[in-house]
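Working notes for the structure below.
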Amino acid sequence: KNTSYKQNMYFKLDENSWLGIKGYDTVSRTGNNIFVQRYNGNALEYNLRAISFTWDSAQSKWKLNNVQERFVNGVNERVEIASSKWMNYNFTPLDLRRDDYLKDQMTTPMLNDFIRKERGRGSEMVGALLVERYNRDAIPVSVFILTIIGAVLASRKVRGGSGIHLAIGVVISVLYVLLSRLSVVFATKGSFPPFLASWTPNILFAFVAYYFYRKAPK
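Counting the sequence shown from 1 gives a position; this note's numbering is that position plus 11.
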């Protein structure tokens, strides 16, 4: 599977314009079947379609090939066709990467700025980006909670010795990871709020930690 090839991207260019891309290769910076639609209220006033496009690094613009533009004004319509056209859209090849590892490489201020930008574009990435952002606060807390659970379990004397403690600890850790992964899936693929996706495991296991603490020998 070619992981550099992205398909079916759709996002806002501005308040009234939407852009769609059928396929784009992040390595060669070329794509196929791009379209732009601009609306005036609910009425379409502009439509662009191009068979292929590529990033022109010399001009820092997108070069569109085999372009057809439709300008609609009520019942009147004008069509323009060009073999190529350079467009100064408000996104770059970096914005089209949609690399799952890209957000991991950003500092938190960079990630916050990126989230604001993607929200403005109506990008489908926003859910995954918000999960990453909230996880940066939630993960240190989860380490603290699991440490408390581990310490409480270690202080208890049970039949079977430390092996039982280890087994319980492994089960709790596995359950935590599974719950975290499920929450992320629901947030990125469904309608589960990203904030809750990041913090629900901590909230639930905080109660578990409290329960074990209350049951621990004094």
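All residues carry an ideal CB built from backbone N, CA and C; glycine is no exception.
Keep in mind the model is a prediction, meaning the values are calculated, not measured.
DSSP state of residue i mapped onto helix, strand, coil
i	result
Ala-227	coil
Tyr-50	strand
Ser-28	strand
Tyr-187	helix
Thr-211	helix
Asp-67	strand
Leu-107	coil
Thr-119	helix
Phe-22	strand
Identity of the residues DSSP links to residue i by a beta bridge
i	result
Tyr-16	Asp-36
Ile-92	Gln-79
Arg-60	Phe-46, Gln-79
Trp-97	Lys-74
Tyr-222	According to DSSP, Tyr-222 bridges with nothing at all.
Rounded straight-line distance, which links the Cα of residue j to that of residue i
i	j	result
Ile-24	Ser-194	According to the sequence shown, residue 24 is Leu rather than Ile. In a straight line, the C-alpha of Leu-24 is about 30 Å away from that of Ser-194.
Arg-89	Val-78	14 Å
Tyr-221	Asn-213	12 Å
Asn-19	Ile-32	6 Å
Trp-29	Asp-148	33 Å
Asn-101	Glu-129	12 Å
Tyr-21	Leu-190	30 Å
Ala-217	Pro-151	13 Å
Val-154	Met-117	22 Å
Ser-184	Asn-76	53 Å
Ala-165	Leu-107	49 Å
Gly-138	Phe-197	10 Å
Ile-160	Ser-202	31 Å
Any chain C beta carbon closer than 8 Å to residue i
i	result
Lys-226	Annotation note: the requested chain C is absent from the structure, which comprises a single protein chain.
Nonlocal neighbours in the same chain, by C-beta distance under 8 Å from residue i, ignoring five residues either side
i	result
Tyr-145	Pro-205, Phe-206, Ala-208, Ser-209, Trp-210
Tyr-187	Ser-153, Leu-157, Pro-212, Phe-216
Lys-12	Per-residue confidence for Lys-12 stands at a pLDDT of 48, beneath the threshold of 50, marking its modelled position as unreliable; the derived number appears in the next sentence. Closer than 8 Å at the Cβ level, and outside the excluded window around Lys-12, lies no residue.
Sequence-distant residues of the same chain with beta carbon closer than 6 Å to residue i, five excluded per side
i	result
Val-163	Phe-223, Tyr-224, Ala-227
Asn-58	Gln-48, Arg-81
Sequence-distant residues of the same chain with beta carbon closer than 7 Å to residue i, five excluded per side
i	result
Lys-74	Phe-64, Thr-65, Asp-67, Ser-95, Trp-97
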